[in-house]
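Residue numbers (this note's numbering), protein chains in the order written: chain R, 1 to 420; chain E, 1 to 236.
The C-beta atom is built at its ideal place from N, Cα and C for all residues, glycine as well.
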Ligand SMILES: Nc1ncnc2c1ncn2[C@@H]1O[C@H](COP(=O)(O)OP(=O)(O)O)[C@@H](O)[C@H]1O
Ligand SMILES: [Mg+2]
């Protein structure tokens, strides 16, 4: 077969203005497709990596997704608490290796405050069993001390030694501040890409201390207990929001879960974080699939646009085809010439699209990480992405045959006759 | 002398039901001849040339080119035959607009290995293209120009160079001068004939303009050999 690709290239170059518009639309749609796919995969990864190493999360009985949302993602609120007594009894269960209580409800300038114990910093794991690390300072040890997540410190410009005041409730602007009991920042955690980065950690006793002069969600009128006085009081909490459990062996997970779910003293719920994460992700999966579907449609629109442009140009190219026939081209050459142009456009569009994506990632990666806590790695295209592109090229090639066949028919009908 | 073109009992019509356009008992053209075929417009000249080029096939009859029956060859072989043995020149705009002058001239070599081999036998393809162009009064400054920048006369000479490159046995020109003024017309025909003489191709020149007859050594009036014309005039 005669190589007609040079002709196709020159003809494309001759129509470089329209060709580059077509190219741009294909490249943009490819970049969009890949970008959506990347964000999808990365957000799923970062999502699945939010918590690991914890075998069970225990809270008051509600939905498992709800429990996961407030205990791990700090989204929403618990409808009920777990009594301190039950927690104490549960942690004595033979199969339990470690337990970390958490108490939520307060906030600091829009960031959630979480009461816990220093064990939290030891046992909490994210990504693939990565432990928490301190970027500065150390865990809290005194009552009015706090450890900040990376984003809190960065956004609000805190360092170790900074003083902060926590507010009642979780809103951005809180009416009631526990301003008579300021906290000192003792440590700042390294960035984890999880909701932990946006959390202020204090001790469980500190949560109790700021609430000694409170009852049931409002300040007791006329009663004001100073920070020093509160410190001398019994600060054992009456209840906690939830607890993280590590077990002696994975094998006992379901037994312990069953035990907790049927705990006679109060209605509790124990969930496996991995299972609940999957459940939550599946709920969001529809949006994710819709997004992918939209970008697939954008790519299809790009392809259809290209085919339309080529088809409309065919009529004015019948002269060119007749000339080629007269110098010996076969109708098949004409088909390859026209389809070849389309395939070249698609191939180039894919390459430029990949380039656009990486260019965009290069610029936007830090912004996305900063703004959404989503780290998008600038890696080589994944096998899945390559196969997406492969399918696109395949579909594109098949679609490219349409104008090629049309040109083939024209050139059979016209022969060498030049029609003006 | 060998028969370059031999047509026997040829019958062609565009649609099955329609009147035949061509009905030719016999047409023979010997090698090295300069043949002028005249006929008014619409008389089937271009149709005849498409049949010779193997782009159309007759309903019946024989078309022999270079002693080979081409009308029974499969389509692909006919295309090869045309690429290897025939150079075409058409009325106007018969260059590929997105190729330079040089690329247009070299185009047939892409489709015909024998013609390419013939050119490469005596140097490079580019040199041969330049040589032909300069014989046709197109010089260095035109070689890399875009063909759209040329005058019509120059374009026709580029088309002639393209037909001549690789010395195909037959040159077929379909009204190549009808868009030129009288002076350029004569100059073009003289150049073309001179080139065919040096290269030894058979030239088939088709026109409705009988004032050009004088340049040729064999003149054929299509109306005299085409019996389809009589039928049609009778029918009209
Ligand atoms: N592609 C075609 N389909 C149908 N009829 C055609 C086609 N090309 C030419 N004809 C008809 O064939 C006849 C001869 O046309 P043509 O060979 O172009 O004449 P000439 O070249 O002598 O002017 C005309 O009547 C014309 O209408
Ligand atoms: Mg004609």
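Would you kindly work out how many angstroms separate the C-alpha atoms of residue i and residue j, rounded to a whole number?
{"i": "residue 97 of chain E", "j": "residue 16 of chain R", "result": "14 Å"}
{"i": "residue 68 of chain R", "j": "residue 55 of chain R", "result": "13 Å"}
{"i": "residue 20 of chain E", "j": "residue 307 of chain R", "result": "39 Å"}
{"i": "residue 45 of chain R", "j": "residue 193 of chain R", "result": "11 Å"}
{"i": "residue 133 of chain R", "j": "residue 197 of chain R", "result": "12 Å"}
{"i": "residue 234 of chain E", "j": "residue 223 of chain E", "result": "Residue placement at residue 234 of chain E is flagged as unreliable, the pLDDT there being 47, under the threshold of 50; the coordinate-derived value follows with that caveat. Between residue 234 of chain E and residue 223 of chain E, the C-alpha separation is close to 13 Å."}
{"i": "residue 42 of chain E", "j": "residue 8 of chain E", "result": "22 Å"}
{"i": "residue 317 of chain R", "j": "residue 26 of chain E", "result": "37 Å"}
{"i": "residue 123 of chain E", "j": "residue 363 of chain R", "result": "54 Å"}
{"i": "residue 81 of chain R", "j": "residue 98 of chain R", "result": "20 Å"}
{"i": "residue 129 of chain R", "j": "residue 53 of chain R", "result": "6 Å"}
{"i": "residue 282 of chain R", "j": "residue 207 of chain R", "result": "35 Å"}
{"i": "residue 389 of chain R", "j": "residue 78 of chain E", "result": "40 Å"}
{"i": "residue 14 of chain E", "j": "residue 22 of chain E", "result": "10 Å"}
{"i": "residue 171 of chain E", "j": "residue 65 of chain E", "result": "12 Å"}
{"i": "residue 90 of chain E", "j": "residue 16 of chain E", "result": "27 Å"}
{"i": "residue 100 of chain E", "j": "residue 148 of chain E", "result": "9 Å"}
{"i": "residue 268 of chain R", "j": "residue 239 of chain R", "result": "13 Å"}
{"i": "residue 111 of chain E", "j": "residue 397 of chain R", "result": "25 Å"}
{"i": "residue 191 of chain E", "j": "residue 154 of chain E", "result": "12 Å"}
{"i": "residue 236 of chain E", "j": "residue 18 of chain E", "result": "The pLDDT assigned to residue 236 of chain E is 42, lower than 50, so where the model puts this residue is not dependable, and the model offers no usable value."}
{"i": "residue 57 of chain E", "j": "residue 303 of chain R", "result": "38 Å"}
{"i": "residue 74 of chain R", "j": "residue 195 of chain R", "result": "7 Å"}
{"i": "residue 219 of chain E", "j": "residue 132 of chain E", "result": "27 Å"}
{"i": "residue 18 of chain R", "j": "residue 347 of chain R", "result": "16 Å"}
{"i": "residue 136 of chain E", "j": "residue 84 of chain E", "result": "22 Å"}
{"i": "residue 327 of chain R", "j": "residue 352 of chain R", "result": "35 Å"}
{"i": "residue 92 of chain E", "j": "residue 410 of chain R", "result": "20 Å"}
{"i": "residue 231 of chain R", "j": "residue 39 of chain R", "result": "47 Å"}
{"i": "residue 249 of chain R", "j": "residue 90 of chain R", "result": "16 Å"}
{"i": "residue 223 of chain R", "j": "residue 287 of chain R", "result": "50 Å"}
For a test of your reading of the model: does the CB of residue i fall under 6 Å from any non-hydrogen atom of ligand 2? Yes or no.
{"i": "residue 38 of chain E", "result": "no"}
{"i": "residue 339 of chain R", "result": "no"}
{"i": "residue 326 of chain R", "result": "no"}
{"i": "residue 46 of chain E", "result": "yes"}
May I ask you to list the residues that DSSP assigns as paired with residue i?
{"i": "residue 266 of chain R", "result": "According to DSSP, which records beta bridges pairwise, residue 266 of chain R is partnered with nothing at all."}
{"i": "residue 168 of chain R", "result": "R:106"}
{"i": "residue 52 of chain R", "result": "R:125"}
{"i": "residue 69 of chain E", "result": "E:64"}
{"i": "residue 131 of chain R", "result": "R:125"}
{"i": "residue 38 of chain E", "result": "E:207 and E:221"}
{"i": "residue 115 of chain R", "result": "R:103 and R:202"}
{"i": "residue 12 of chain E", "result": "E:22"}
{"i": "residue 226 of chain E", "result": "E:24"}
If residue i sits next to residue j, beta carbons under 8 Å apart, how far is it from one beta carbon to the other, in whole angstroms?
{"i": "residue 28 of chain R", "j": "residue 356 of chain R", "result": "7 Å"}
{"i": "residue 46 of chain E", "j": "residue 174 of chain E", "result": "6 Å"}
{"i": "residue 93 of chain R", "j": "residue 256 of chain R", "result": "6 Å"}
{"i": "residue 161 of chain E", "j": "residue 105 of chain E", "result": "5 Å"}
{"i": "residue 159 of chain E", "j": "residue 94 of chain E", "result": "5 Å"}
{"i": "residue 163 of chain E", "j": "residue 81 of chain E", "result": "Not confirmed; about 16 Å, so no contact."}
{"i": "residue 226 of chain E", "j": "residue 24 of chain E", "result": "6 Å"}
To which residues of the same chain is residue i closer than 8 Å at the C-beta, ignoring the five residues directly before and after it?
{"i": "residue 189 of chain E", "result": "177, 205, 212 and 215"}
{"i": "residue 118 of chain E", "result": "166 and 167"}
{"i": "residue 185 of chain R", "result": "137, 145, 146, 147, 148, 153, 158, 159, 160, 161, 162, 163 and 164"}
{"i": "residue 426 of chain R", "result": "Coverage of chain R is limited to positions 1 through 420, which leaves residue 426 of chain R absent and any answer about it impossible."}
{"i": "residue 252 of chain R", "result": "95"}
Is residue i near ligand 1 - that is, is its Cβ less than 6 Å away from at least one heavy atom of it?
{"i": "residue 301 of chain R", "result": "no"}
{"i": "residue 14 of chain E", "result": "yes"}
{"i": "residue 21 of chain E", "result": "yes"}
{"i": "residue 77 of chain E", "result": "no"}
{"i": "residue 411 of chain R", "result": "no"}
{"i": "residue 41 of chain E", "result": "yes"}
Between residue i and the rest of its own chain, which residues show a CB-CB distance below 7 Å, the 5 nearest in sequence each way excluded?
{"i": "residue 117 of chain R", "result": "100, 101, 203 and 204"}
{"i": "residue 227 of chain R", "result": "144, 180 and 181"}
Here's a check: name, in chain order, each residue in its chain whose Cβ is nearer than 6 Å to the Cβ of residue i, leaving out the five neighbours to either side.
{"i": "residue 263 of chain R", "result": "none"}
{"i": "residue 116 of chain E", "result": "109"}
{"i": "residue 86 of chain R", "result": "265 and 266"}
{"i": "residue 151 of chain R", "result": "197 and 198"}
{"i": "residue 35 of chain E", "result": "29, 204 and 218"}
Do residue i and ligand 3 come close, with the Cβ less than 6 Å from some heavy atom?
{"i": "residue 103 of chain E", "result": "As far as ligands go, the structure on display features ligand 1 and ligand 2 and does not contain ligand 3."}
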